[in-house]
Amino acid sequence: MITTDILIIGAGPTGLFAVFEAGLLKLKCHIIDALAQPGGQCSELYPKKPIYDIPGFPEVLAGDLVDNLMKQIEPFQPGFTLGERAETIERQEDGSFIVTTNKGTKHHAKVVAIAGGLGSFEPRKPIIDCLEKYEDKGLAYMIKDPEDYRGKRVVIAGGGDSALDWSIFLADVASEVTLVHRREEFRGALDSVEKVEELVEQDKIRLVTPAEILDINGEGKVESVLLQHNDEAKRMEVIECDAFIPLFGLAPKLGPIADWGLEIEKNAIKVDNTLDYQTNVPGIYAIGDVNTYPGKLKLILCGFHEATLMCQSAYQRIFPDKRYVMKYTTVGGVNGFDGSRKEAEKAVVKKIGNKQNV
Amino acid sequence: MSDIKMTIIDRDGQRHEVDAPTDMNMNVMEVCKAYDLPVQAVCGGMAMCATCQCYIISDHDLGERNDDEEAMLWEAQNVKDNSRLGCQIPITEDLEGLVIELAPEE
Chain H
1 MITTDILIIG AGPTGLFAVF EAGLLKLKCH IIDALAQPGG QCSELYPKKP
51 IYDIPGFPEV LAGDLVDNLM KQIEPFQPGF TLGERAETIE RQEDGSFIVT
101 TNKGTKHHAK VVAIAGGLGS FEPRKPIIDC LEKYEDKGLA YMIKDPEDYR
151 GKRVVIAGGG DSALDWSIFL ADVASEVTLV HRREEFRGAL DSVEKVEELV
201 EQDKIRLVTP AEILDINGEG KVESVLLQHN DEAKRMEVIE CDAFIPLFGL
251 APKLGPIADW GLEIEKNAIK VDNTLDYQTN VPGIYAIGDV NTYPGKLKLI
301 LCGFHEATLM CQSAYQRIFP DKRYVMKYTT VGGVNGFDGS RKEAEKAVVK
351 KIGNKQNV
Chain L
1 MSDIKMTIID RDGQRHEVDA PTDMNMNVME VCKAYDLPVQ AVCGGMAMCA
51 TCQCYIISDH DLGERNDDEE AMLWEAQNVK DNSRLGCQIP ITEDLEGLVI
101 ELAPEE
């Protein structure tokens, strides 16, 4: 059982910044995210796109913003449960919560903050019968640990950055990499496309385009896939493999959170007030794009504000008898849980006003 | 510059006759959101999510799909010949009378 003060569901910018604000209050955070890496939409959908409305950053790439947030929260040592979706929540007698993921990982927290954006990003699955039969038995929609594929024959399907990047990475790990795409053009960073071309020339990647995987075969695990070449003859081919990884991007779903007894309005979690963004269930907050209230704006900077107020409220909930006086970081500095301390340099002036008037 | 009239058929088959301004640099996805129609537009209009996919019902000529739109529709589901991404269709006076239908959610 993982225990923490605030369990944050969603590792997008709002969830990450909540760790920082909680850290200033000496509250420990743990984050769950369905994606294999932090950053939410910023990392998954548009890491190379510039954002122009983050205060203090005339322009910042979404991926760089996430990197900076990760650096900013480092002193507060958050825990992460990545690649798992928060599935169920149970309220305990003392008002705390146990949240269990789809992989069975249990988290115990005094407060839960849902920062799930538009929901968990679920992989787009190919339209193939009996997919479930092979899931985690050679069929995966994301790569959590590339070492799982060492020495194996891997078929990757897709035409975006993920398919390109993982084909490149696994070319040195797997024994065979076949990249299958429905069309001849790829939609990814130019240098990734060029790298794939190089690896194809070196016979480290087999590229099959335009083509698509129609079926999976195997006894209890992936043993081969059936591929159809999208040429005039619609030629079929069986590729023997140990793993099939379709990387067709992600689609957002509010998912199991919708069944947690929270008030939902237009696919978002309703919060009763803008004092602390608490939901209709005391102790469960909703911050960032996942919530709705009159005047709601789905902007990252609004999520940052909501995260800040949520943490103040969470503190009072966790320590009802303590009075917290808000401090500016310029005054109080930042005391990391790792022992680090950041504070403004203080100048020592021994004498003031001893200058002769000229 | 004036508003144009367009019709949006939602996922329940209900028709919404809406006014869309041509002088606000809006696109079809943004018009749908402005009228509280259930278009998620996860990527904010960058042709990267297909949650604003719609079918063009009227016979307006919207020109060729751009590369990003084309590529996204290759990966999306429920794609038909008349599929477009709402975020890639700027509102112009030429679109007077446009009729679109929201594609099913994936």
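Taken in sequence, the protein lines are chains H and L.
If you read the first sequence in UniProt numbering, its first letter stands for residue 1, the second for the next number, and so on.
If you read the second sequence in UniProt numbering, its first letter stands for residue 1, the second for the next number, and so on.
For glycine and all other residues, C-beta sits at the position ideal for the given N, C-alpha and C.
Remember, predicted model here, so these are calculated numbers, not experimental data.
For H:P246, the enclosing beta strand (DSSP E) stretches over residues A243 to P246.
Contact between H:K253 and H:G119 holds, since their C-beta atoms are separated by about 5 Å, short of 8 Å.
Look at L:A71: its C-beta is under 8 Å from a C-beta on chain H. Relative to H:G332, the option among H:L16, H:K26, H:E240 and H:D242 whose CA is nearest is H:K26. Its Cα nearest to that of H:M236, the residue H:L227 stands out among H:L227, H:I352 and H:D242. Apart from sequence neighbours up to five positions away, the residues of its chain that approach L:V99 with a beta-carbon distance below 6 Å are T7, I57 and S58, ordered along the chain.
Taking each of H:I213, H:E147 and H:Y52 in turn and checking the Cα distance to H:I128, the smallest one comes out for H:I213. Of all alpha-carbon atoms in H:I143, H:I73, H:N217 and H:H181, the one lying nearest the alpha-carbon of H:D338 is that of H:I73.
Per the C-alpha coordinates, the member of H:G249, H:H305, H:D259 and H:A268 positioned closest to H:L275 is H:H305. Counting only runs of at least 4 residues, the segment 18-100 of chain H fully encloses the following alpha helix (DSSP H) elements, listed from N- to C-terminal order: 40-44 and 62-73. According to DSSP, H:V238 shares a beta bridge with H:L226.
By the Cβ test, the segment 92-111 of chain H is not in contact with the segment 43-58 of chain H, since fewer than three Cβ pairs between them sit closer than 8 Å.
The segment 233-249 of chain H makes contact with the segment 136-147 of chain H; the number of CB pairs closer than 8 Å reaches 3 or more. H:S313 sits in a helix when the DSSP states are folded into three classes. If the five residues before and after H:T3 are omitted, its C-beta is found closer than 6 Å to the C-beta atoms of H108, all from its own chain and listed in chain order. Fewer than three beta-carbon pairs drawn from the segment 307-321 of chain H and the segment 59-71 of chain L are found closer than 8 Å, and the two stretches are therefore not classed as touching. A contact is defined here as three or more CB-CB pairs under 8 Å, and the segment 15-30 of chain L fails this definition with respect to the segment 62-76 of chain H.
In its chain, beyond the 5 residues on either side, no residue has a beta carbon closer than 6 Å to the beta carbon of H:L190.
Per DSSP, the continuous alpha helix (DSSP H) segment holding L:L73 begins and ends at D67 to E75. Taking 8 Å as the cut-off, the Cβ atoms of H:P146 and H:L170 count as close. Secondary structure of H:K327 (DSSP, three-state): coil. Counting along the chain, no beta strand (DSSP E) covers H:M1, and no H or E run does either. Taking a cut-off of 8 Å for Cβ pairs, the segment 255-268 of chain H and the segment 283-292 of chain H touch, as three or more such pairs fall below it.
Sorting L:D23, L:L85 and L:K5 by C-alpha distance to the C-alpha of L:P104 places L:L85 at the top. Within chain L, Q40, V42, C49 and T51 have C-beta atoms less than 8 Å from the C-beta of H:P252, given in sequence order. With 16 or more other Cβ atoms from the protein chains shown falling within 10 Å of its own Cβ, H:V19 counts as buried. The residue among L:Q88, L:C49, L:M72 and L:V79 with its C-alpha nearest the C-alpha of L:E30 is L:Q88. Chain order gives the chain L residues near H:Q41 as V42 and C43, where near means a beta carbon separation below 8 Å. Taking 8 Å as the cut-off, the beta carbon of L:G45 is found closer than this to the beta carbon of L:N27.
An exposed status is given to H:E90, since fewer than 16 other beta-carbon atoms sit within 10 Å of its beta-carbon.
In the DSSP annotation of this structure, the continuous segment of the beta strand (DSSP E) that includes H:V208 starts and ends at R206 to V208.
Residues of the segment 165-191 of chain H with a C-beta less than 8 Å from any C-beta of chain L: R182, R183, E185 and R187, listed in chain order. For H:L131, no beta strand (DSSP E) encloses it; the enclosing alpha helix (DSSP H) starts and ends at L131 to Y134. Listed along chain L, the residues sitting closer than 8 Å to H:G159 by beta-carbon distance are A71, W74 and E75. No Cβ-Cβ contact shorter than 8 Å links H:W166 with H:L82.
Contact between the segment 185-199 of chain H and the segment 216-232 of chain H is absent: fewer than three C-beta pairs spanning the two stretches fall below 8 Å.
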